[in-house]
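Student: Quick one: this structure, given as structure tokens, is what I'll be asking you about.
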């Protein structure tokens with residue numbers, strides 16, 4: 005549990021520094037770049053956002069691989085890291101696409117649940133219980149999808 009917590013904290017620190025870097029690029033982009041066309045700058049910032057999202061997906065996949073390895077039997081993070089990187093390098097595109105599909109489906113369930121809350125008449129006041137059930141159901145579906153992904157990843161690791 006300590007190793008998984010340290011891994012999660014390290015990856016969140018890495019995510020925080022990358023979001024700070026890309027936010028700084030977004031704020032200082034027009035000043036520093038010297039680009040005259042705003043469309044070109046917007047396209048570059050959109051490209052940077054896409055690369056950042058891809059980096060986040062790979063970091064999530066690496067964290068899931070390490071978590072599966074640690075839970076399955078590796079006692080240390082250092083022992084689990086090289087096999088996880090080897091797995092990521094050999095089946096990286098296939099694993100990334102599968103992980104991305106699960107993440108997109110999980111995001112869709114949460115977004116669908118939240119949009120359903122807007123469609124419910126008076127969900128904020130009169131029917132707060134129905135809104136709570138819809139919200140918790142969407143979060144439960146997301147957690148079940150993540151558990152399904154981890155079990156699929158664990159079975160493919162054997």
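In this note's numbering, the protein residues as written are 5 to 162. For every residue, glycine included, the Cβ atom is placed at its ideal position computed from N, Cα and C. A quick note: this is a predicted structure, and the numbers were derived from the prediction, not measured.
#1: Going along the chain, which residues of its own chain have a beta-carbon closer than 8 Å to the beta-carbon of residue 23, five neighbours each way excluded?
#2: If you run the structure through DSSP and keep just helix, strand and coil, what is residue 155?
#3: Quick check on residue 95: does DSSP put it in helix, strand or coil?
#4: With a floor of 4 residues, list each alpha helix (DSSP H) that falls wholly inside the region 11-84, ordered by position along the chain.
#5: Once you ignore the five residues that flank residue 142 on each side, which residues in its own chain have a CB closer than 6 Å to its CB?
#6: Compare the Cα-Cα distances from residue 62 to each of 82, 48, 45 and 107 and report the closest residue.
#7: Quick one, are the C-beta atoms of residue 149 and residue 110 less than 8 Å apart?
#8: Can you give the Cα-Cα distance for residue 46 and residue 21, rounded to whole angstroms?
Tutor: With the structure as the only source:
#1: By 1-based counting over the chain shown, the position of residue 23 is 19. 56, listed in sequence order.
#2: Along the chain shown, one-based indexing puts residue 155 at 151. Residue state, collapsed to three classes: helix.
#3: Position 91 of the chain shown, counted from the start, is the residue given in the question as residue 95. In the structure shown, residue 95 sits in coil (DSSP, three-state: anything other than H, G, I, E or B).
#4: Listed in chain order, they are 42-76.
#5: Counting from 1 along the chain shown, the entry for residue 142 is found at position 138. The answer, listed in chain order, is 113, 114 and 117.
#6: Taking the first residue of the chain shown as 1, we reach residue 62 at position 58. Minimum Cα distance to residue 62 is reached at 107.
#7: Here residue 149 is taken as the residue at index 145 of the chain shown, counted from 1. Here residue 110 is taken as the residue at index 106 of the chain shown, counted from 1. Yes, Cβ-Cβ distance for residue 149 and residue 110 is below 8 Å.
#8: In the chain shown, counting from the first residue as 1, residue 46 sits at position 42. In the chain shown, counting from the first residue as 1, residue 21 sits at position 17. Their backbone Cα atoms lie some 22 Å apart in a straight line.
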